[in-house]
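Residue numbers (our numbering), protein chains in the order written: chain A, 1471 to 1740; chain B, 224 to 518.
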């Protein structure tokens, strides 16, 4: 019995320690954004790797998600004779939920794993030690550009994802249901307007849809760097770091999405 | 000592490829190798030991992770000296380098660089102190996303105000020092180089900032006997021509004896011997004799 308690104690301590390390890393990475020297070329490179090179899969997932949403909702709405509302359904789902979450999950798989593998192999081949030895803080040189690039690029990818998804819905609405394109887009806008506005002009749905990927971007980059820099045990360790990154980042995205939704629904309720 | 590289120990009867079968023969061979280096080297050794002030000093350093790694380690490397730390694999030799680089902090004791205690420095202050040192990693640890040129230029770009021309001149100079042709290798990626070449680029990067102190982690491990000889001579050349203080961690006793002014032997977390190679070869201590005989 005492043995079990002891084990539980060690396990709990390990978790608390890991969470502490995670937040320390996140805090340092963000603090270094404002400290010299600023590694501009590293940032540009990471924005390309995280943003531009993820464009393909984001376009693909966005388009097909929009199409399947329109298809499924057309079947449901037909029973009420309300197929005119396809646009509202697609836009609400894409902008508030599926756009941010799907972009987040795709980037977690594609970019998170890449970052973890790269930093992990740098760790096991002593390149991280070499950076330290050459008088460079590895967090500043490696983590900060990745976190900053993800914070910038994931909202951008999400906007593209939303847009392509709504266009995909448009294709299905006009091809299968015979809904005129102008009517489709009018209902899309009606839905956005129904969510209300902040400062008169900024739709609340947009705020919700941008705040989420911003947070998800941070989660993906920090998780990947955290596991990458903690890698031990050679190439096998690199594989473990990659897997853990994708699993942890995906789970965190789904959980935090729920809580952000709840908070924002409360905030924008009045 | 002459500046001609070939005039040092290579012309002597014992060569890197020779085979020795019995323990006595090994000791005899080591003695003769050392004797062949006399008198100049011995003179230099004596002079250096007495004249130099300690550049690196470990003062009763202890460190444990889950179990003890180092216990009560004390030794010093004086200015211009080459100290080689030898010991079996897994005895914490590389940990000593990490302590000196302050990548690790000891549980007990002090580590002094140029008389300054570095154990209590902040992370940022430690980055400053590290610029006095050039480190050569076991696997060279070249940044594999950068070319050879960018690797060597990295410490210069980070910490000096040199312009592009000066940086290129410095990179060429360092590559030539390590006997690589700048025009051939500068634009290559580390993955395209052989193991020996990577080590040399690693040395060039370590010395790019003209450090006063060079640290080597197993510089000859995983290399063939010929390349081992080349790297050993290179380390000696660095010490001789530039007068840098060197600390080498190695399990290769043969090259250790060639380049060391003093040898520290690590055994079961303790330093069991610290002295000149001659003293070590002449020791009656059973473990030392076993250790030497094993090679």
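By construction, the Cβ of each residue, glycine as well, lies at the ideal position given by its N, Cα and C atoms.
Inset, instruction - Check the Cβ-Cβ distances between residue 1595 (chain A) and every residue of chain B, and say whether any is below 7 Å. - result: Numbered from 1 along the first chain, position 125 holds the residue referred to as residue 1595 (chain A). Yes, its Cβ sits closer than 7 Å to a Cβ of chain B.
Legend entry - Whole runs of the alpha helix (DSSP H) within the segment 1678-1723 of chain A, excluding any shorter than 4 residues: none
Inset, instruction - Answer with buried or exposed for residue 1583 (chain A), where buried requires no fewer than 16 other C-beta atoms within 10 angstroms of its C-beta. - result: Numbered from 1 along the first chain, position 113 holds the residue referred to as residue 1583 (chain A). Looking at its Cβ environment, which holds 16 or more other Cβ atoms inside 10 Å, residue 1583 (chain A) is buried.
Inset, instruction - Measure the alpha-carbon distance for residue 1485 (chain A) versus residue 1714 (chain A) and round it to whole angstroms. - result: On the first chain, residue 1485 (chain A) is found 15 positions in, with the first residue counted as 1. On the first chain, residue 1714 (chain A) is found 244 positions in, with the first residue counted as 1. Each residue's alpha carbon lies about 14 Å from the other.
Inset, instruction - Give a yes or no on whether the minimum CB-CB distance between residue 272 (chain B) and chain A is below 7 Å. - result: Here residue 272 (chain B) is taken as the residue at index 49 of the second chain, counted from 1. Confidence is the limiting factor: at residue 272 (chain B) the pLDDT is only 49, short of 50, which leaves the residue's position unreliable and the question unanswerable from this model.
Legend entry - Separation of residue 428 (chain B) from residue 1731 (chain A), as counted between CA atoms: Against the first chain, residue 1731 (chain A) aligns to sequence position 261. Against the second chain, residue 428 (chain B) aligns to sequence position 205. Computed Cα separation, rounded: 51 Å.
Inset, instruction - For residue 1679 (chain A), collect the residues of the same chain with a Cβ closer than 7 Å to its Cβ; drop the 5 residues on either side in sequence, then sort them by chain order. - result: The residue given as residue 1679 (chain A) occupies position 209 in the first chain. Counting only Cβ-Cβ distances below 7 Å, and skipping sequence neighbours, we find 1565, 1566, 1569, 1570, 1628, 1632.
Inset, instruction - Give the DSSP-derived three-state secondary structure of residue 325 (chain B) in the structure shown. - result: Within the second chain, numbered from 1, the residue matching residue 325 (chain B) stands at position 102. DSSP, reduced to helix, strand and coil, places residue 325 (chain B) outside both helices and strands of the structure shown, so it counts as coil.
Inset, instruction - Label residue 1661 (chain A) either buried or exposed according to how many other C-beta atoms from any shown protein chain fall within 10 Å of its C-beta, with 16 as the threshold for buried. - result: Sequence index remark: in the first chain, residue 1661 (chain A) carries index 191 (1-based). Result: buried.
Inset, instruction - For chain B, find out if any of its Cβ atoms is closer than 7 Å to the Cβ of residue 1651 (chain A); answer yes or no. - result: As a working mapping, residue 1651 (chain A) is identified with position 181 in the first chain. Chain B, which has no Cβ nearer than 7 Å to the Cβ of residue 1651 (chain A), makes this no.
Legend entry - Minimum Cβ-Cβ distance from residue 261 (chain B) to chain A less than 7 Å: In the second chain, residue 261 (chain B) corresponds to position 38, counting from 1. Here the model assigns residue 261 (chain B) a pLDDT of 43, short of 50, so the residue's position is not dependable and the matter cannot be decided.
Inset, instruction - Give the straight-line distance between the Cα atoms of residue 380 (chain B) and residue 1639 (chain A), rounded to the nearest whole angstrom. - result: Taking the first residue of the second chain as position 1, residue 380 (chain B) is located at position 157. Taking the first residue of the first chain as position 1, residue 1639 (chain A) is located at position 169. Residue 380 (chain B) and residue 1639 (chain A): Cα-Cα distance of roughly 52 Å.
Legend entry - Residue span of the beta strand (DSSP E) that contains residue 382 (chain B), given as start and end: Along the second chain, one-based indexing puts residue 382 (chain B) at 159. Per DSSP, residue 382 (chain B) belongs to no beta strand (DSSP E); it is in the alpha helix (DSSP H), 371-382.
Legend entry - Cross-strand partners of residue 496 (chain B) (DSSP beta bridge): If you number the second chain from 1, residue 496 (chain B) lands on position 273. Residue 496 (chain B) pairs with B:488.
Inset, instruction - May I ask you to verify whether the segment 322-342 of chain B touches the segment 376-390 of chain B, counting CB pairs closer than 8 Å and requiring at least 3? - result: no
Legend entry - residue 282 (chain B) - partner residues in DSSP beta bridges: Mapped onto the second chain, residue 282 (chain B) falls at position 59. According to DSSP, which records beta bridges pairwise, residue 282 (chain B) is partnered with B:333.
Legend entry - Inter-stretch contact (C-beta, 8 Å, three-pair minimum) for the segment 1591-1598 of chain A and the segment 1677-1696 of chain A: no
Inset, instruction - Pull out every residue of the segment 359-375 of chain B whose Cβ sits closer than 9 Å to any Cβ of chain A, in chain order. - result: 360, 361, 362, 363, 364, 365, 366, 367, 368
Inset, instruction - Taking all protein chains shown into account, decide if residue 507 (chain B) is buried (16 or more other Cβ within 10 angstroms of its Cβ) or exposed. - result: As a working note, residue 507 (chain B) is residue 284 in the second chain. Exposed, since its Cβ has fewer than 16 Cβ neighbours within 10 Å.
Legend entry - Residue burial classification, residue 1650 (chain A) (beta-carbon count within 10 angstroms, cutoff 16): Taking the first residue of the first chain as 1, we reach residue 1650 (chain A) at position 180. Per the 10 Å Cβ criterion, exposed.
Inset, instruction - Let me know the secondary structure DSSP gives residue 1526 (chain A) once reduced to three states. - result: Residue numbering aside, residue 1526 (chain A) sits at position 56 when the first chain is read from its first letter. Residue state, collapsed to three classes: helix.
Inset, instruction - Indicate whether residue 1553 (chain A) and residue 1647 (chain A) have their beta-carbon atoms separated by less than 7 Å. - result: As a first step, residue 1553 (chain A) must be located in the first chain, where it is residue number 83. As a first step, residue 1647 (chain A) must be located in the first chain, where it is residue number 177. It is a contact, given that the beta carbons lie within the stated cut-off.
Legend entry - Simplified DSSP state of residue 438 (chain B), which is helix, strand or coil: Start at 1 with the first residue of the second chain, and residue 438 (chain B) comes out as number 215. In the structure shown, residue 438 (chain B) sits in a strand (DSSP, three-state: E or B).
Inset, instruction - Could you tell me if residue 521 (chain B) is buried or exposed, where buried requires 16 or more neighbouring beta carbons within 10 angstroms of its beta carbon? - result: It is not possible to answer for residue 521 (chain B), since the shown part of chain B is limited to 224 through 518.
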